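In terms of this note's numbering, the numbers along the first sequence are unbroken and rise by one, the last being 867.
Have a look at the structure below, then the notes.
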Amino acid sequence: MTDQPRTPDVPAKPSLDGLEEKWVRRWDADGTYRFDRTRPRADVYSIDTPPPTVSGSLHVGHVFSYTHTDAMARFQRMRGREVFYPMGWDDNGLPTERRVQNYFGVRCDPSLPYDPSFEPPEKPDPKRQLPVSRRNFIELCERLTGVDEKAFEEMWRRVGLSVDWNHLYTTIGSDSRAASQRAFLRNLKRGEAYLSEAPTLWDVTFRTAVAQAELEDREQSGAFFRIRFHGDDRPVYIETTRPELLPACVALVAHPDDERYRELFGTTVRTPLFGVEIPVLAHRLAEPDKGSGIAMICTFGDVTDVTWWRELDLPTRAIIDWDGRLAAVPPQGVPASPYDELAGKTVFSAKERVVELLRESGDLDGEPRKISRPVKFYEKGNKPLEIVTTRQWYIRNGGRDPEIRAELLLRGAELDWHPPYMRARYENWVEGLNGDWLISRQRFFGVPIPVWYPLDASGEPVYDQPITPPEDVLPVDPSSDHPPAYSEDQRGKPNGFTGDPDVMDTWATSSLTPQIAGGWERDPDLFARVFPYALRPQGHDIIRTWLFSTVVRAHLEHGSLPWSDTALSGWILDPDRKKMSKSKGNVVTPIALLEEFGSDAVRYWSASGRPGTDTTFDTGQIKVGRRLAIKILNASKFVLGFGEVAADAAVTEPLDLAMLAALSGVVEDATRAFEGYDYTRALERTERFFWEFCDDYLELVKSRAYGEGPEAQSARAALRTALGVLLRLFAPALPFVTEEVWSWWREGSVHRAAWPAAAELPSGGEPAVLAVTAEALRQVRKAKSAAKASMRADVSHAVVRGAEVARLAQDDLVAAGRIADLVIEAAPAELAVEVTLAPAAG
RNA sequence: GGGCGCGUAGCUCAGGGGUAGAGCACUCGGCUUACAACCGAGCGGUCGGCGGUUCGAAACCGUCCGCGCCCACCA
């Protein structure tokens, strides 16, 4: 047994106010949620918590989904599992980079040496950002996010997350960088990471490559231009939305079965304006019903161009530079005139100029036709992506290897999804991959790619012989650290070395949260106890990124899933049914809610959002939660206030046994629901029982419980037993109020108490006894209501008829209904009560 | 274009072959020795449409409509 009940010490006026401060402090002091790392692996329930981005702010959506995880953590803990529930802060990535830049007025320049005495300017000048080394930049990041992290931690504690705050990590911290680099080096050693120069989706604002997982489509207005190409016999008209790519055109393509163009296949045409001779080719991806059915292939307008270019073995005439402007010099074979007029122009201005030129030369057929079509964007960017050929690092993720893809699909099938239909999103994504995972980013802040390249005699990097550091020196920064066999003065010199300038994609680090939090290779004893984890909770919108990439890393490194189960939470919608987000300005700040209604109330609303289901933000539900919490205080005070329960008190009365039998069913339901990750159903069942317990059972037994003798002892014992069970059933959702009440009469924390079992309740009760008696009481109340009388009004005479009257707890009904004369009549019918009210007393 | 989910009371949602449910809102009544931040009672629905299976369909099957999300090689 967890503890022995003692004489209750109940406040005269119980209140929710101050419970958060009180219990947050106590839980911390008592180490209530401390992970006991001596417990065997079989007892451990480990959770791979999503690290929130600290440069943003927490909103109700966070409270919502983290509460779900916390409720499940608390359930598992009460079931006797040792819960490994760490927290992380995501401070690696663009949002943090921008925030550090703006806050301190600096920018990261990895070519600079580390300055240990650096202090940021007193008054940052946003126009003139001071360049600092990567190490200095990371230090500033840690300094700034330290402040945010304090606020976040305080907030999570107030929400009541049962996190073990001793297990805290940050995604830009040294452990994370080391783990991220180690995993990369292992990928490299096994041939899963590779360097490749290839056309890449490119964001011209951030000037970095981006991965397939970071794309999103946005509807953009544009126009179709019908352009004339010059053939020997006849002109060929194509339609394009990107006439500015004309100098990059390398071929025309139509479908092999397209009769209109069949005779042209194998011939050449000349581009307008530039007169470059290009072939007309056939390819199955050309769609006869799009535009004129024949397309120009440019290097590169979109990803289909890349496919055509690769499969048809076409030359490269790239014209768009890293900054999104047209290159200063035309590609080989393209005449300087009129290209000179386009050099250095943005895509937008180049398009305008090309259209003018086409108009002048007569090669523009008709007027442009306005259209709206989806265009690919980097999810954080605001200009359409271009395709630029660059050298990048990739990790195999099944995008090109059918075997790996099949293995990863099997992993998806092996994983238990809650709710199950979310698996389809994973499969959809894996099946739709069209390339490996591009992990290098041409950014300055982040985890550096841990390789150097030797320089040959002429000072050119030898990319196919990267130099890697030994694992025990990680993390390294190749821009300031030198490779083992070299000295720093050989940097950039012929026969010397150069560091890879790039950093890794943030997902390349956050895909390792189980390894980072679990002490992979840093604390093997811990890691062996927690990995693979039991649960990955996360939002359904990042299945393709976070979930998938974590599965990839664990599969490649450990040959297993990173966790056995994943629980996907939905989003919070504002009352207009839109996703709440900061950019829409419809965010409700959680701290105000927590202060106004109390944490348990907000948690109650959160727990009403079923797994995977988007939920409407609703203060009404929060108020209901607050009412419930207050009711728990008051009902508990009442239950504990009936006087002592004799040591040998036994629950003997049929009504009491009935109530406990019904409760036993609730325990079974709630347990099953929690086991299936359905915290909502568990709470719902418990709550429904609780209100009936208050409205019917308590009313029926209170007068008996005030009395003396075995009947009174039966009621008191039953009440306390029920209270002990109910508090534990509510504890995962409402940790504060349940802990408060528990402390009135029990030792230890309710959150370390054993989850209730049906077996601890007396058997043999007949739930119908309570149901029938409560129904009779309801009918008595109805009669009083109809007579507009007080519930205290005396009933002079009542007749109860029905098939089940034998089960009626007559004495309790008489007392609760204030019935002077009760008559029972068995009849083959539903229960009916005939009530005669006594004349109102003077 | 493909996939997934959702349409039940004014609102937020549960239910999932056997007499339509809860909370909120609304109406009426009640200070009742746990709670007026409370209690009691009531009003309120062709369960998105149409077909089918069945003795019986809100539920199962088909189809259509609407909403949302995910994905897609969108010249």
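Backbone N, C-alpha and C fix where the C-beta goes; we use that ideal spot for every residue, glycine too.
Note that the structure is a prediction, hence the values are computed from the model and not measured.
Buried/exposed call for residue i, threshold 16 Cβ in 10 Å
{"i": "Asp-53", "result": "exposed"}
{"i": "Arg-421", "result": "buried"}
{"i": "Arg-251", "result": "buried"}
{"i": "Ala-851", "result": "exposed"}
{"i": "Asn-212", "result": "buried"}
{"i": "Thr-92", "result": "buried"}
{"i": "Leu-310", "result": "exposed"}
{"i": "Asp-95", "result": "buried"}
{"i": "Met-19", "result": "The structure shown does not extend to residue 19, since the chain is modelled only from 26 to 867, so the question has no answer here."}
{"i": "Glu-122", "result": "buried"}
{"i": "Gln-490", "result": "exposed"}
{"i": "Lys-609", "result": "Its pLDDT being 47, under 50, Lys-609 is placed unreliably by the model, and the measurement read from it follows with that caveat. With fewer than 16 other Cβ atoms within 10 Å, it is exposed."}
{"i": "Asn-191", "result": "exposed"}
{"i": "Lys-607", "result": "Model confidence at Lys-607 stands at a pLDDT of 49, short of 50, so the residue's coordinates are unreliable and nothing is read from them."}
{"i": "Ile-396", "result": "exposed"}
Option in the options with minimal Cα separation from residue i
{"i": "Val-627", "options": "Leu-759, Leu-786, Val-108, Arg-771", "result": "Leu-759"}
{"i": "Ile-844", "options": "Ser-821, Glu-45, Asp-837, Gln-835", "result": "Ser-821"}
{"i": "Pro-304", "options": "Ile-319, Asp-314, Leu-310", "result": "Ile-319"}
{"i": "Phe-231", "options": "Ile-647, Ser-624, Thr-638, Pro-409", "result": "Pro-409"}
{"i": "Glu-724", "options": "Leu-137, Asp-836, Leu-213, Ser-633", "result": "Asp-836"}
{"i": "Val-79", "options": "Ala-632, Phe-254, Leu-802, Thr-170", "result": "Thr-170"}
{"i": "Glu-217", "options": "Tyr-419, Met-112, Gln-126", "result": "Tyr-419"}
{"i": "Phe-552", "options": "Asp-73, Leu-41, Glu-496, Glu-46", "result": "Asp-73"}
{"i": "Leu-862", "options": "Ala-840, Lys-809, Trp-571, Thr-196", "result": "Lys-809"}
{"i": "Gly-536", "options": "Ala-592, Ile-464, Leu-593", "result": "First, the residue type needs correcting, since residue 536 is Ser and not Gly in the sequence shown. The shortest C-alpha separation from Ser-536 is found at Ile-464."}
{"i": "Glu-452", "options": "Leu-856, Arg-569, Phe-254", "result": "Arg-569"}
{"i": "Gln-245", "options": "Phe-402, Thr-195, Ser-362", "result": "Phe-402"}
{"i": "Arg-635", "options": "Leu-586, Arg-706, Asp-694, Ala-675", "result": "Arg-706"}
{"i": "Gln-101", "options": "Asp-327, Asp-550, Pro-757", "result": "Pro-757"}
{"i": "Val-49", "options": "Val-229, Trp-181, Pro-615", "result": "Trp-181"}
{"i": "Trp-588", "options": "Gly-564, Leu-560, Phe-573", "result": "Leu-560"}
{"i": "Ala-37", "options": "Gly-56, Ser-661, Asn-127", "result": "Ser-661"}
{"i": "Ile-849", "options": "Thr-798, Lys-813, Pro-864", "result": "Thr-798"}
Residue i vs residue j beta-carbon contact at 9 Å
{"i": "Leu-289", "j": "Ala-276", "result": "no"}
{"i": "Glu-312", "j": "Val-372", "result": "no"}
{"i": "Leu-751", "j": "Phe-699", "result": "no"}
{"i": "Leu-339", "j": "Trp-333", "result": "yes"}
{"i": "Ala-783", "j": "Trp-767", "result": "no"}
{"i": "Met-97", "j": "Tyr-731", "result": "no"}
{"i": "Leu-682", "j": "Ala-743", "result": "yes"}
{"i": "Leu-83", "j": "Pro-77", "result": "yes"}
{"i": "Glu-669", "j": "Arg-741", "result": "yes"}
{"i": "Leu-708", "j": "Leu-499", "result": "no"}
{"i": "Ala-675", "j": "Glu-791", "result": "no"}
{"i": "Phe-761", "j": "Glu-164", "result": "no"}
{"i": "Asn-117", "j": "Phe-470", "result": "yes"}
{"i": "Glu-264", "j": "Ser-317", "result": "yes"}
{"i": "Tyr-110", "j": "Ser-142", "result": "no"}
Unbroken beta strand (DSSP E) run spanning residue i, endpoints
{"i": "Cys-274", "result": "274-279"}
{"i": "Cys-323", "result": "319-323"}
{"i": "Val-413", "result": "411-420"}
{"i": "Leu-226", "result": "218-228"}
{"i": "Leu-560", "result": "558-564"}
{"i": "Tyr-478", "result": "477-479"}
{"i": "Tyr-194", "result": "193-195"}
{"i": "Ala-307", "result": "302-307"}
{"i": "Val-848", "result": "847-851"}
Enclosing alpha helix (DSSP H) for residue i [first to last residue]
{"i": "Gly-645", "result": "644-665"}
{"i": "Arg-468", "result": "Premise fails: Arg-468 is in no alpha helix (DSSP H) and is neither H nor E."}
{"i": "Arg-832", "result": "Per DSSP, Arg-832 belongs to no alpha helix (DSSP H) and is neither H nor E."}
{"i": "Tyr-704", "result": "704-717"}
{"i": "Val-762", "result": "760-770"}
{"i": "Ser-589", "result": "Element bounds for Ser-589: not the alpha helix (DSSP H) but the beta strand (DSSP E), 588-594."}
Query - Entirely enclosed alpha helix (DSSP H) segments - the segment 77-154, minimum 4 residues - result: Secondary structure within the segment 77-154: the alpha helix (DSSP H) runs of 4 or more consecutive residues, fully enclosed, are 85-103, 119-129 (chain order).
Query - Secondary structure, beta strand (DSSP E): runs of 3+ residues fully inside the segment 37-82 - result: 69-71
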